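In the working numbering, the protein residues as written are 5 to 364. Take a look at the structure below.
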Ligand SMILES: NC(=O)c1ccc[n+]([C@@H]2O[C@H](COP(=O)([O-])OP(=O)(O)OC[C@H]3O[C@@H](n4cnc5c(N)ncnc54)[C@H](O)[C@@H]3O)[C@@H](O)[C@H]2O)c1
């Protein structure tokens with residue numbers, strides 16, 4: 005059955021989030037396109053090959069001018085030069101303030117198209133049509149848009165909420181297993197830091213594959229969790245949004261350490277084991293919970309250690325993390341499954357001990 009559920013994210017702008025199966029085939033049921041002067045589909049070459057023609061055909065039924073701007077696939081496209089090409093494209097196609105950008109793709113497309121939308125003519129509307137698990141549970145939601153700059157991730161950007169998010173889990177069927185794992189790392193992050201019920205669902209799964217029904221439930225659940233946080237700390241000022249960074253302190257450090265060859269999701273997985281280990285050292289988390297977290301990650305083929313990486317390199321990278329405030333790292337730890345706590349200061353000796361074990 006092709007179903008959809010909608011939640012409303014109450015941020016600086018109300019943003020309906022629709023999650024379901026087959027939604028992309030009847031976009032007009034989930035969003036009112038009538039007030040727009042023209043529609044611009046922004047996607048990457050891979051997603052365009054898979055779904056571009058279908059979505060273009062659907063958009064053309066709205067009776068507006070529809071144009072297509074395609075980015076190369078991959079993180080390198082998330083750059084100011086792509087943004088500049090995007091402005092030129094919009095200008096050449098005479099897109100005015102009533103134009104609508106439809107961002108069809110993973111986080112790279114969503115972040116870049118969202119930033120183009122945020123800045124072109126001081127802001128035009130955009131729609132998030134996320135096609136990766138990571139984008140459906142995380143990046144499309146919350147309004148963080150931007151690009152990389154001078155080799156630094158997400159250095160230039162803004163908070164700019166989409167007009168709506170339409171997450172069609174049917175699109176995840178074509179996702180390569182590595183990309184699925186990448187998104188699952190973020191799902192597990194929500195479970196450990198915020199939702200014990202979700203954790204138990206994942207824990208009880210007998211295999212690593214998900215049905216469409218399971219995906220709908222998981223994506224919806226994660227969207228609810230993230231919406232609740234964005235609603236209380238939209239622009240990351242009160243520190244509450246930091247809970248979404250569970251596992252990311254060591255995760256980012258690993259990505260900065262050149263000897264780690266894994267993906268972002270794999271780095272976050274190891275980072276979650278580190279945060280759980282630190283929580284255990286501080287007496288906040290039972291050893292069997294840490295072991296449970298390891299087993300869960302392994303079941304979904306995510307790593308739980310990083311042998312060969314230098315713990316000193318990690319400590320250095322943590323010191324220079326952009327989320328470090330006044331020279332002090334604020335850790336997100338857990339006081340039990342589903343009970344994340346932010347703003348935790350941890351002695352360096354504790355961090356070093358845990359990292360040494362992970363790097364062995
Ligand atoms: N804005 C935020 O809050 C936020 C949060 C987390 C991550 N991010 C950003 O998200 C980006 C990563 O996003 P991502 O993991 O979605 O990567 P991505 O956008 O690069 O997509 C991964 C790969 O999957 C392909 N793909 C996308 N959808 C597909 C589908 N349905 N079937 C087959 N292939 C498909 C893409 O072409 C690409 O090759 C990073 O730049 C990261 O910084 C942003």
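Using N, Cα and C, we set each Cβ at its ideal position, and we do this for glycine too. All of these numbers come straight from a predicted model, not from anything done at the bench.
With residue 159 as the anchor, note down where its beta strand (DSSP E) starts and where it stops. 156 to 163
Just to confirm my understanding: we take residue 297, look at its own chain, exclude 5 residues before and 5 after, and list those with CB closer than 7 Å. What are they? 196, 276, 277 and 280
Do three or more CB pairs link the segment 158 to 173 to the segment 301 to 320 at distances below 8 Å? no
Give me, in chain order, the residues of the same chain whose beta-carbon lies closer than 6 Å to that of residue 5; leave out the 5 immediate sequence neighbours on both sides. Annotation note: pLDDT 38 at residue 5 (below 50); position unreliable, coordinate value reported separately. Once the five neighbours on either side are set aside, residue 5 has no close Cβ partner at all.
Backbone secondary structure at residue 82 - three-state DSSP: coil
Over the uninterrupted alpha helix (DSSP H) stretch that includes residue 107, give me the two end residues. From DSSP, residue 107 is part of no alpha helix (DSSP H) but of the beta strand (DSSP E) over 103 to 109.
Can we count residue 311 as close to ligand 1, meaning its CB is less than 8 Å from some heavy atom? no
Taking all protein chains shown into account, decide if residue 290 is buried (16 or more other Cβ within 10 angstroms of its Cβ) or exposed. exposed
Restricting to Cα atoms, I'd like to know which of 65, 207 and 317 is closest to residue 263. 317
Please name the residue or residues paired with residue 275 in a DSSP beta bridge. Per DSSP, none; premise fails for residue 275.
Residue range of the beta strand (DSSP E) that includes residue 179: Note, residue 179: premise wrong, no beta strand (DSSP E); not H, not E.
Quick one, are the C-beta atoms of residue 71 and residue 93 less than 9 Å apart? yes
What does the alpha-carbon distance come out to for the pair residue 346 and residue 286? 14 Å
If you drop the 5 nearest sequence neighbours on each side, which residues of the same chain put their C-beta closer than 6 Å to that of residue 178? 54
Below 8 Å CB to CB, which residues in the same chain sit around residue 354 once its five sequence neighbours on both sides are set aside? 282, 285 and 286
Bridge partner(s) assigned by DSSP for residue 69: 42
If I measure Cβ to Cβ from residue 272 and keep anything under 8 Å in the same chain, skipping five residues before and after, which residues do I get? 189, 190, 193, 251, 252 and 255
What is the rounded straight-line gap between the Cα of residue 230 and the Cα of residue 16? 15 Å
Could you give the DSSP three-state label for residue 12: helix, strand or coil? strand
Please determine whether the Cβ atom of residue 237 lies at a distance below 8 Å from any heavy atom of ligand 1. no
Throw me the rounded Cβ distance for the residue 98 and residue 125 pair, which I believe falls under 8 Å. Residue 98 to residue 125, Cβ: 12 Å. No contact.
Straight-line CA distance for residue 339 to residue 244? 16 Å
Looking at C-alpha atoms only, which residue of 234, 288 and 104 is the closest neighbour of residue 121? 104
First and last residue of the uninterrupted beta strand (DSSP E) at residue 171: 168 to 172
Determine the burial state of residue 249: buried for a count of at least 16 other Cβ atoms within 10 Å of its Cβ, exposed for fewer. buried
Ligand 1 heavy atoms versus the CB of residue 180: any closer than 8 Å? yes
What's the C-alpha gap between residue 119 and residue 233? 21 Å
For residue 132, count neighbouring C-beta atoms within 10 Å of its own C-beta (all shown protein chains included) and say buried if the count is 16 or more, exposed if not. buried
Between which two residues does the alpha helix (DSSP H) containing residue 310 stretch? No alpha helix (DSSP H) holds residue 310; DSSP gives it neither H nor E.
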